[in-house]
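Here our numbering is used: the first residue of the sequence shown is 7, the next is one more, and so on.
Notes follow once the structure below has been shown.
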Amino acid sequence: MLKVLKNEFIKMFKEKKFYIIAAILIGSIILMAFMKDPGIDAQNFVFETFAGMVIKPMLPAFMIIVISGVITEDYVHGTMKFSLITPIKRRELIAGKFLFIYLYAVILLAISFLTSYIVCVAVFGTSIQVQFMKNFLFNIKCYAYILLPLLSFCTLISFIAMFVNSIGEIIGIGLGIQFMTVIIEHSVKSAVYFLAGGGMYIYDFVRASGDLNNIHMLLVTLCACIYIAVFMLLSMAAMKKKDLVL
Numbered sequence: 007m008l009k010v011l012k013n014e015f016i017k018m019f020k021e022k023k024f025y026i027i028a029a030i031l032i033g034s035i036i037l038m039a040f041m042k043d044p045g046i047d048a049q050n051f052v053f054e055t056f057a058g059m060v061i062k063p064m065l066p067a068f069m070i071i072v073i074s075g076v077i078t079e080d081y082v083h084g085t086m087k088f089s090l091i092t093p094i095k096r097r098e099l100i101a102g103k104f105l106f107i108y109l110y111a112v113i114l115l116a117i118s119f120l121t122s123y124i125v126c127v128a129v130f131g132t133s134i135q136v137q138f139m140k141n142f143l144f145n146i147k148c149y150a151y152i153l154l155p156l157l158s159f160c161t162l163i164s165f166i167a168m169f170v171n172s173i174g175e176i177i178g179i180g181l182g183i184q185f186m187t188v189i190i191e192h193s194v195k196s197a198v199y200f201l202a203g204g205g206m207y208i209y210d211f212v213r214a215s216g217d218l219n220n221i222h223m224l225l226v227t228l229c230a231c232i233y234i235a236v237f238m239l240l241s242m243a244a245m246k247k248k249d250l251v252l
């Protein structure tokens, strides 16, 4: 599994995709700071940037593109079967790829968080120290709580990608699922607890209450863990039966 993970990171740093995605993410955050929205200031810039742009729609869309490359593209180009020439089991192969996808999502979240704070301080300055630390801890919690729902969404798309032999198709399917999730979340607020990735949009409740309700977050976390476990196991089962020669 670690060999697969290492190989994926080598490919990531060699390809332009990661740098383009990171540049777009950073550029969008910088652009948002200069939009001169009167409702955005030093106290809420990080949260509003995260809630209004990073997690909806940018980060899920970026992860769909990443997944299409890690799973579908490798299968279509025939490179996935070469991994099995080495003494690596299919279970280890898919586990390594999933772990890479998860770490990729964590890296993008970290880039978003750090960039948001750097831009916030550079453009708006800092609020009083006590308030700054309070907001910092709150924003850390927001990012942390969103991680598992994001990973559950990635796991679902990765599972579907195993049955799709076209990069364009999996990107289209993934974006369609993302769009439908947003529509359902806006129509039925409680759906965020039960959809794969629905918890990514829990910040609507945060906006309304100004805090993270522990019961809400427990439900979101539990649901995300169930989706991750189920689709991970299904993916491993599917990998055992998958013909890697296209």
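All C-beta atoms, glycine included, are put in the ideal place defined by N, C-alpha and C.
Nearest Cα to Val76 within the set Ile46, Phe56, Leu109, Glu54: Leu109. Counting only runs of 4 or more residues that sit fully inside the region 15 to 81, the alpha helix (DSSP H) segments are 23 to 39, 51 to 55, 65 to 73, in chain order.
Annotation: the continuous alpha helix (DSSP H) that includes Leu114 extends over 96 to 130. Between the region 115 to 134 and the region 91 to 105, the count of C-beta pairs closer than 8 Å stays below three; the two stretches do not touch.
Three or more beta-carbon pairs separated by less than 8 Å are not found between the region 165 to 184 and the region 33 to 52, which leaves the two stretches without contact.
In the displayed model, Asn171 falls within coil according to three-state DSSP, outside both helix and strand. In the displayed model, Val188 falls within a helix according to three-state DSSP.
Cβ contact annotation for Ile61 (same chain, cutoff 8 Å, sequence separation greater than five): Ile152, Leu156, Met206, Tyr207, Tyr209, in chain order. Taking 7 Å as the cut-off, the beta carbon of Tyr149 is found closer than this to the beta carbon of Phe119. When secondary structure is reduced to three states using DSSP, Phe200 falls in the coil class, being assigned neither helix nor strand. Apart from the 5 residues on each side of it in sequence, Ile35 sits with its Cβ closer than 8 Å to the Cβ of Thr55, Met59, Val60, Ser118, Thr121, Ser122, Val125 in its chain, given in chain order. Remark: C-beta atoms of Ile100 and Met242 approach each other more closely than 7 Å.
As the crow flies, the alpha-carbon of Ile30 is around 12 Å from that of Met38.
In the three-state reduction of the DSSP assignment, Ile208 falls in the coil class, being assigned neither a helical nor a strand state.
Relative to the Cα of Ile27, the nearest Cα in the group Leu115, Met186, His192 belongs to Leu115. Between the alpha carbons of Ile32 and Phe144 lies a distance of about 21 Å. Pairing Ser196 with Lys17, the inter-Cα distance amounts to about 40 Å. Met238 sits in a helix when the DSSP states are folded into three classes. Inter-residue distance for Asn141 and Asp47 is about 12 Å (C-alpha atoms, whole angstroms). When Phe200, Phe159, Val170, Gly174 are compared, the shortest CA-CA separation from Gln184 is found for Phe159.
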